[in-house]
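Chemist: The sequence shown begins at 1301 in the working numbering and counts up one residue at a time. Heads up, the beta-carbon is just placed ideally off N, CA and C, and yes, glycines get one too. Sharing a structure here in structure tokens format.
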Amino acid sequence: MFKRLFRGVRIVGLFPGLVVSAQDAGMVLRTSVTYRTQRATLELSEEQRKQADELARQAQAANQAQKYGEAIRDYYEGLAIMRSQDWTPAFEFASSLEARLDHHMLEPGQRVTVSLRPLYTSARAGEAKLSASIFLLPGGQSPISQRAVDSAALPFTLSVTMPEVAPGDYTVEVRLAREGASASGPFVKSLPVHVEALSSERDRLRARLKRTTENNSAKATAEYALALYDLADRGEVNPHRYKLSDEFTNANSILEAVEAGRDPFATRRGDVRKAYRSAVDNTLQPYRLFVPQAYDRATPAPLVVALHGMGGDENSLFDGYNNGALKREAERRGFVVVAPKGRDTASMYRGSADQDVIDVIAEVRRDYKIDPRRIYLMGHSMGGYGTWSVAMAHPDLFAALGPISGGGDPAGLAKIRQIPEYVVHGDDDRTVNVNESRRMVEAGKKAGIEIVYVEVPGGSHVSVAAPQFGPMLDFFARQAKQESAASPAGPPASAVAGHYSGQWVGGSSGTFRLSLEGGAGSGWKCEVTFTLSGEQVKTTMRQCNVDQSKIDAAYDFDAQGFTLRSHINGQWNSKGVDGTYRTTTTDGAAEVDQGTWSAARD
């Protein structure tokens, strides 16, 4: 049955090697951004520019051929040339080695394994005679351990015992040195760790969560404290950026309110950290929320969705950019602001990261009274690219856009010609060239889009952002989605709720039932049940938007042990509703048009 339904869908999750390749591709992307910035910033000789450009060309070709290790090596050699560093066998070999720990959340006396894994093959590695010394800083004047690195026996591993030190943030430093030379540059690998006895607190919180039967955003937020601990322990987030003992205390406080039957966020204003469980992969995903003091549950509030840049996370736009300027401007204007985490730091808000944005919006709309006509999308750098791409993927959702120092696909602007834009870029941006915004603005104006373009003379990649938050939110405050002209011809919203039966014809065919029930505020509870060859397919709804003219629902369902995403769009007619149906893999790598569907009220 599922082979017919999902013909042509490549299930990436079934092949772990492809996941590793995706991670390596993300590293190539991040390195290429650093490379371009260095190329535009450093004072180079003509010969350096020539060599750097040729190595960039080779790296791009290797990346396109999915030879990610070769691409990294070419970029690293080019960076060495631009920084006037000799690309010796030792430099090449040391640059290739990525340092890792099996744990980053440590307790005094705990043993930890340090490893060095090659990112690419170094043909001259045998000529490099290196030794590795392990230090714990601050305070480590002598190495904890040291050993020669055998280039023929990689990955290199070394087990060390943490000294008895006071609780706090430390750095495990791996120093690689040649005979007669000191360690510097690529010869030093720094790994952040936190040393504190927290395992008992962690275990108590985990046991308490198991006893909590509620399944809501409060529990997900409390549970994220454990997920954050695990992420920090694996080194996927920097443990220095969080105080995990405080995270556990806050989680227990949330659970106390839940156990007492209270909503711990009902009266919270200002800066709030929350999380939800993603239907994409069942992971807990964080988001940062700002609720202005003027927010009133009786009055629909405008919502700004803020997308961070490459290498950032949900905290970047709240804590950085002139020390939280976005929150101050949101308070002035009375805007709710939410910042999702863009999943992988180099996701470009594609695939599952795109779905994270939509899911976070649905979470906020469920828990707060949001005006659906005043939802705005903005972002910086990668978030600027994401602002355009997410809007193009969901053209009916946003009332205005604010891409900063970004770019996009001009061909997709026709999909969002009805959405006004406030575009910002600096003409001295050495990370994302100003021409990326210029071509989007030019194409947008030709498409008839209302655009305010602010090009800052001498503005850098980052400096232009914070000063424009205020003017951008002022622009947003003047924008609201117009009611669809087709709305009056459709059924009144109160008449939409109910049960529908239908069928679809396309990539496969089958029957289904659709249940629509009005939820809190302007929300809806929806359920879709498919039947194929007499077999029912379990679905999990991610979002369901219904108005007087259309339905837009997204859901997941299980198929032979993996999860697929589906999206249905439909227009109301005199008998019921009809529309289109598409299916994608959870990472968005493949998409299949499943055809058309129609349903009539039971």
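Scan the segment 1356-1401 and note each continuous alpha helix (DSSP H) run of 4 residues or more that stays entirely inside, going in chain order.
Modeler: Scanning the segment 1356-1401 for uninterrupted alpha helix (DSSP H) segments of 4 residues or longer gives 1368-1382, 1389-1396, listed from N- to C-terminal end.
Chemist: Quick one: what's Ser1866 bridged to in DSSP?
Modeler: Tyr1855, Thr1883
Chemist: How far does the beta strand (DSSP E) with Arg1417 in it extend, from its first residue to its last?
Modeler: 1411-1418
Chemist: Short of 7 Å in beta carbon distance, which residues of its chain neighbour Arg1633, apart from the five on each side in sequence? Order them along the chain.
Modeler: Contacts found: Leu1773, Ala1777.
Chemist: Apply the 10 Å Cβ neighbour rule to Gln1441 and answer buried if 16 or more other Cβ atoms are within range, or exposed otherwise.
Modeler: exposed
Chemist: Taking Val1660 and Tyr1587 to be in contact with their CB atoms under 8 Å, please state how far apart those CB atoms are, rounded to whole angstroms.
Modeler: 5 Å
Chemist: Buried or exposed: where does Asn1873 fall if 16 or more other Cβ atoms within 10 Å of its Cβ makes it buried?
Modeler: exposed
Chemist: In the DSSP assignment, what residue or residues form a beta bridge with Trp1804?
Modeler: DSSP, once it has assigned bridges, lists Gly1810, Trp1897 as partnering Trp1804.
Chemist: Give the straight-line distance between the Cα atoms of Ala1520 and Ala1575, rounded to the nearest whole angstrom.
Modeler: So the two alpha carbons sit approximately 6 Å from each other.
Chemist: Run the CB neighbour count on Lys1875, radius 10 Å, all protein chains shown included, and call it buried at 16 or more, exposed below.
Modeler: exposed
Chemist: Please report the distance separating the alpha-carbon of Ile1868 from that of Glu1536.
Modeler: 35 Å
Chemist: Judging by CA-CA distance, which residue of Lys1350, Arg1562, Leu1416, Tyr1420 is the nearest neighbour of Arg1922?
Modeler: Absent from the model: residue 1922. The displayed extent of the chain is 1301 to 1902, so no value can be given.
Chemist: Can you check which of these residues, Asp1852, Arg1643, Phe1391, Leu1397, is closest to Gly1369 by C-alpha distance?
Modeler: Leu1397
Chemist: Just how far apart, CA to CA, sit Lys1543 and Val1495?
Modeler: 11 Å
Chemist: Could you check whether Val1449 and Leu1416 sit closer than 9 Å to each other, using their CB atoms as the reference points?
Modeler: yes
Chemist: Among Glu1755, Glu1750, Lys1746, Arg1562, which has the Cα closest to the Cα of Ser1737?
Modeler: Glu1755
Chemist: How big is the Cα-Cα spacing for Arg1882 and Glu1354?
Modeler: 42 Å
Chemist: Have a look at Arg1569 and Ser1445 and give me their C-alpha separation to the nearest angstrom.
Modeler: 50 Å
Chemist: Check this for me: beta carbons of Arg1475 and Ser1433, under 9 Å apart or not?
Modeler: yes
Chemist: Specify the secondary structure class of Ser1431 as computed by DSSP and reduced to three states.
Modeler: In the structure shown, Ser1431 sits in a strand (DSSP, three-state: E or B).
Chemist: Report yes or no: do the segment 1504-1517 and the segment 1551-1564 share at least 3 C-beta pairs separated by less than 8 Å?
Modeler: yes
Chemist: So the beta strand (DSSP E) Gln1779 belongs to, where does it begin and stop?
Modeler: Going by DSSP, Gln1779 is part of no beta strand (DSSP E) at all; its letter is neither H nor E.
Chemist: Measuring CB to CB, does Phe1618 end up less than 9 Å from Gly1609?
Modeler: no
Chemist: Assuming Ala1630 contacts Glu1614 under a Cβ cut-off of 8 Å, what Cβ separation, rounded to an integer in Å, is found between them?
Modeler: That belief does not hold up - the Cβ atoms of Ala1630 and Glu1614 are roughly 15 Å apart, past 8 Å.
Chemist: Given this structure, state the Cα-to-Cα distance separating Pro1316 from Glu1346, to the nearest angstrom.
Modeler: Any reading at Pro1316 needs caution, since the residue's pLDDT is 30, under 50, leaving its predicted position unreliable; the model's value is listed next. Near 44 Å, if we compare the C-alpha coordinates of Glu1346 and Pro1316.
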